[in-house]
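**Student:** Numbering (our numbering), first residue to last: 13 to 555.
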């Protein structure tokens, strides 16, 4: 039997060949960690949260960004393309991943970003100040010495009103995951090669899932839920999250104490909604208020209630003043972009009808207020662009039917209602409050040009990073158009290109009813233009 094909039954009786000296490399070089954009860590999200709490965070258009553990730059490179006047630096110990990121940078000709092969321990005061410091998926997976140096970096390298983002595993939620991690590590300790360790860990997960009874067994039900979650993750996540030597969860209050020892102060979570006592009964909320003498204690008690396993925390210097009294009026300070899909057919503006809106995470809300319905439709028309609140108010008023449009005396009330609803929609991730608008073209020009980053990413698959720092999916036709959307071809030339692809069997398209599109179809140009419009709606075209 091939040793790489061992299953869990024979894992204990067949010895695996040990790693050779050449194979004993840094684990992130052997199994590179997936390098992705994290919208929750984007400087605009950090600036929004800071300003919501009264902190005058630096403008993101000309900011300085440092990421600790940047992998191949999947989070930083899209930022660099959208923030050309900002200075962006990433550091990672994996030479392979840094080399991969630098290779992509060379193809994109970006000069405002630098990816450095170095240890986090190498970062000191000489690196200078940064307005936004990011550390995603690192803190819980390094020794205590490195953890404390990360906080030292935030303390010594963060600008006066700068904001630090840091993610980490938390108790009590990680107790169950820690138990599963211990099971896997016990089993894979007899193997050296990463690919075998991953395969054997998955085999153990399947064995546990198949063997532990769930009916009338709370342990089995909780275990099954966690196992199902793990089975959906990529190998790189499984290896680095669970099979690395270091994994150090902590309680939130312990993290806050560490931050305080380094001259740092808890600002918020990156996700505003996670800080609210939503989903709890009124007696529970009242008890939380009674037993929580400060923000830290309240957040910790909510972690207990929610069994929270993970946090994405924002930090500022401890001398920064924070206003915890967030009100709807503050929404007027921001631009607003829609982050969900409203119903657009047969919308009625009367208060007795509802407009349903659903976001990409599966959440939904229903809106009755006419002014808010109109605002959502306005935002949907200009996606992924945003509007300042006052402009949105005016366009929403113009969008409403004349017979129910507020008169001059009623406009202040409509304004207050819209602000209140937008804050609630932000809490539910239906809209995004922004301090900045991305550079993108939302209308198809005579010779459309795709974002250079999207063009490169489309070579590898159908997922590309959109202007809001999230992955968006290209359809089959859009993916084939991507390599030739270089700003030199018009619609007729693009249609001729697609016609040739279909004729040669390099592209297969089907109509909604299932019928295949042929190279001789007269409406092929319409299909190409429709695809171009969809690409524009995703915000992937540039001037």
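Where is the CB? At the ideal position from N, CA and C, for every residue including glycine.
Would you kindly check if the distance between the Cβ of residue 282 and the Cβ of residue 57 is under 8 Å?
**Tutor:** Contact: yes.
**Student:** Starting from residue 587, follow the beta strand (DSSP E) in both directions and report where the run begins and ends.
**Tutor:** The first residue shown for the chain is 13 and the last is 555, placing residue 587 beyond what the model contains.
**Student:** Return helix, strand or coil for residue 320, following the three-state DSSP convention.
**Tutor:** Here residue 320 sits in coil by DSSP.
**Student:** I need the DSSP call for residue 546, collapsed to helix, strand or coil.
**Tutor:** Helix, per DSSP.
**Student:** On a Cα-Cα basis, can you pick out the residue from 96, 190 and 555 that is closest to residue 257?
**Tutor:** Ranking the options by Cα distance to residue 257, first place goes to 190.
**Student:** In angstroms, rounded to a whole number, what distance separates the CA positions of residue 212 and residue 186?
**Tutor:** In a straight line, the C-alpha of residue 212 is about 22 Å away from that of residue 186.
**Student:** Mind checking residue 231: buried by the 16 CB within 10 Å criterion, or exposed?
**Tutor:** Exposed is the call here.
**Student:** Can you give me the start and stop residues for the beta strand (DSSP E) that residue 128 sits inside?
**Tutor:** That run of the beta strand (DSSP E) goes 125–129.
**Student:** Taking all protein chains shown into account, decide if residue 582 is buried (16 or more other Cβ within 10 angstroms of its Cβ) or exposed.
**Tutor:** Summary: the structure shown does not reach residue 582, with the chain confined to residues 13 through 555, and so no result is reported for it.
**Student:** Do the CB positions of residue 397 and residue 349 come within less than 8 Å of each other?
**Tutor:** The answer is yes: Cβ separation under 8 Å.
**Student:** Check this for me: beta carbons of residue 477 and residue 550, under 8 Å apart or not?
**Tutor:** No, they are not a contact pair.
**Student:** Around the Cβ of residue 145, are there at least 16 other Cβ atoms within 10 angstroms (buried) or fewer (exposed)?
**Tutor:** Per the 10 Å Cβ criterion, buried.
**Student:** Do residue 122 and residue 82 come within 8 Å of each other at the CB atom, strictly closer than that value?
**Tutor:** No, the pair does not count as a contact, with Cβ atoms beyond the cut-off.
**Student:** Using the Cα positions of residue 47 and residue 86, report the straight-line distance between them to the nearest angstrom.
**Tutor:** Spanning the two alpha carbons is a distance of roughly 5 Å.
**Student:** Within the same chain, show all residues whose beta-carbon is closer than 6 Å to that of residue 305, passing over the 5 residues directly before and after it, in chain order.
**Tutor:** Hits under 6 Å: none found.
**Student:** Please report the straight-line C-alpha distance between residue 270 and residue 321, rounded to a whole angstrom.
**Tutor:** Each residue's alpha carbon lies about 19 Å from the other.
**Student:** Pick from 411, 539, 351 and 317: whose alpha carbon is nearest that of residue 359?
**Tutor:** Answer by Cα proximity: 411.
**Student:** Between the alpha carbons of residue 547 and residue 516, how many angstroms are there, rounded?
**Tutor:** So the alpha carbons of these two residues sit roughly 24 Å apart.
**Student:** Taking 8 Å as the threshold (C-beta atoms), are residue 456 and residue 507 in contact?
**Tutor:** Cβ atoms of residue 507 and residue 456: not closer than 8 Å.
**Student:** Look at the Cβ atom of residue 167, then the Cβ atom of residue 272, and state whether they are nearer than 8 Å.
**Tutor:** No, the Cβ-Cβ distance between residue 167 and residue 272 is not below 8 Å.
**Student:** Tell me, please, which residues DSSP counts as bridged to residue 262.
**Tutor:** Answer is 182.
**Student:** By DSSP, does residue 477 sit in helix, in strand, or in coil?
**Tutor:** Correct three-state label for residue 477: strand.
**Student:** Return the first residue and the last residue of the alpha helix (DSSP H) that residue 109 is part of.
**Tutor:** It spans 107–120 - the alpha helix (DSSP H) in which residue 109 sits, taken as one unbroken run.
**Student:** State the Cα-Cα distance for the pair residue 157 and residue 465, rounded to the nearest angstrom.
**Tutor:** Between residue 157 and residue 465, the C-alpha separation is close to 37 Å.
**Student:** Please specify which runs of the beta strand (DSSP E), each continuous and at least 3 residues long, are wholly inside the region 244–319, giving them in chain order.
**Tutor:** Within the region 244–319, the complete beta strand (DSSP E) runs of at least 3 residues are 276–281.
**Student:** Taking C-alpha atoms, which residue in 155, 520 and 453 lies nearest to residue 528?
**Tutor:** Nearest of 155, 520 and 453 to residue 528, Cα basis: 520.
**Student:** When we look at the beta-carbon of residue 181 and count the other beta-carbons within 10 Å, is it buried (16 or more) or exposed?
**Tutor:** So residue 181 ends up on the buried side.
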